[in-house]
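Using the numbering used here, you'd call the opening residue of the sequence shown number 111 and step up by one each time. The structure under discussion appears below in the form of structure tokens.
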Amino acid sequence: MKEVVITFENVTKSYPIYTHITSGFKNFVLRFREVWNNSKKRFIALKEISFEIYKGECFGIIGKNGVGKSTLLGLIAGVLKPDTGKITVKGKVASLLELGAGFHPELTGRENIILNGVILGMTKKEVMKKMDRIIEFSELGEYIDQPVKTYSSGMLARLGFSIIAYLDFEILLVDEILAVGDINFQKKCREKFQEFKKKKVTIVLVSHNLYEVISLCDRVMWLENHRIKEIGKAEEIVQNFQ
Ligand SMILES: Nc1ncnc2c1ncn2[C@@H]1O[C@H](COP(=O)(O)OP(=O)(O)OP(=O)(O)O)[C@@H](O)[C@H]1O
Ligand SMILES: [Mg+2]
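Rendered as structure tokens:
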């Protein structure tokens, strides 16, 4: 019997719509009604979403830009709240959401490792014990003692992935992070994913790289027009999507 670890029941998520009045106060007064009406309108990013994710599977999410993939990960992570519907998540969640999210730009890579480790539930002592291995995995060399604001996208991805590589968690959320790493680092990440899979970690992966989705994911959800279009075996869904 498959154990369900993430459940979405009829979840809808919207964002406020912003209206810009750029040409002064007079225009603002004249267009007040429009601004007021728009302030009540909301943009629906995800509509009536229901699905389940099982323990230990790698679950892919695909779909065009702006369809709601990152929003969905944010809802699982608990950084966003749904307007309506119910979300249940069982287990400790680690996430690689946006590049650099969760890092303090002025702190060095090393200091950010400590900060993130502690935020994700380790003691400082535990982080220090794993520090050398984390830095080695990141291959950031002497950059590890430079402020994170000086890092390239690939370097940020390396730092983020290296931290989670040595953490304990049951659910891992990944948003497009592998794409910015170089070939060598992508290979290392893939090997780490296989290790996570063996440990029965549940992985939710958002990616535009369909080759990566087929090679890593068991099941895939295809989002279209902010709704679920199809859920099923990775190869089948990717084929229908193309
Ligand atoms: N904070 C926000 N405020 C207003 N609208 C937002 C906000 N975040 C996202 N949106 C809108 O919600 C929709 C879904 O965004 P989301 O980032 O989830 O898409 P996505 O599928 O991850 O796209 P991409 O493939 O480009 O990463 C988009 O149309 C976006 O403009
Ligand atoms: Mg996104």
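Each residue gets a CB set at the ideal place from its N, CA and C atoms; glycine is no exception. None of these values were measured; they are calculated from a predicted model.
Among the options, whose alpha-carbon lies nearest the alpha-carbon of residue i?
i, options, result
"F169", "V311, H336, N335 and L277", "V311"
"G195", "K151, E216, L156 and V203", "L156"
"I197", "L225, I163, G291 and N226", "I163"
"K200", "G212, K165 and I171", "K165"
"I245", "V228, Y276 and K112", "Y276"
"Q304", "W146, E167, I341 and M111", "E167"
"E340", "E216, H214, I159 and F138", "I159"
"I273", "C327, S262 and I224", "I224"
"G212", "K309, D193 and A187", "A187"
"G264", "M238, V228, D292 and N120", "D292"
Short check: CB of residue i to CB of residue j, under 9 angstroms?
i, j, result
"L250", "L230", "no"
"F271", "I287", "yes"
"L266", "L183", "no"
"Q352", "L320", "yes"
"V290", "I172", "no"
"L185", "F118", "yes"
Would you identify the three-state DSSP class for residue i, choosing helix, strand or coil?
i, result
"S263", "helix"
"S205", "strand"
"D255", "helix"
"S160", "strand"
"V189", "coil"
"V354", "Absent from the structure is residue 354, since the part of the chain shown begins at 111 and ends at 352."
"K297", "helix"
"F153", "strand"
I'd like to know if residue i contacts chain D, where contact means its C-beta is closer than 9 angstroms to some C-beta of that chain.
i, result
"K179", "The structure shown contains no chain D; it is built from a single protein chain."
Along the chain, where does the alpha helix (DSSP H) containing residue i start, and where does it finish?
i, result
"F247", "K234 to S248"
"R143", "F142 to K150"
"K200", "That residue, K200, is in no alpha helix (DSSP H); it is neither H nor E in DSSP."
"V284", "Careful: V284 lies outside any alpha helix (DSSP H), inside the beta strand (DSSP E) at I281 to D285."
"T323", "According to the sequence provided, residue 323 is Val. The question's Thr does not apply to it. Its alpha helix (DSSP H) spans residues L320 to L326."
Just curious, the beta strand (DSSP E) that residue i is in, first and last residue?
i, result
"N335", "Here N335 belongs to no beta strand (DSSP E), and DSSP marks it neither H nor E."
"I116", "V114 to P126"
"G170", "C168 to I172"
| said: So, does the stretch 137-147 touch the stretch 164-184, judging by three or more C-beta pairs under 8 angstroms? | reply: Verdict: no, contact absent.
| query | Is the number of C-beta pairs between the stretch 213-223 and the stretch 290-298 that are closer than 8 angstroms three or more? | reply | These segments do not touch.
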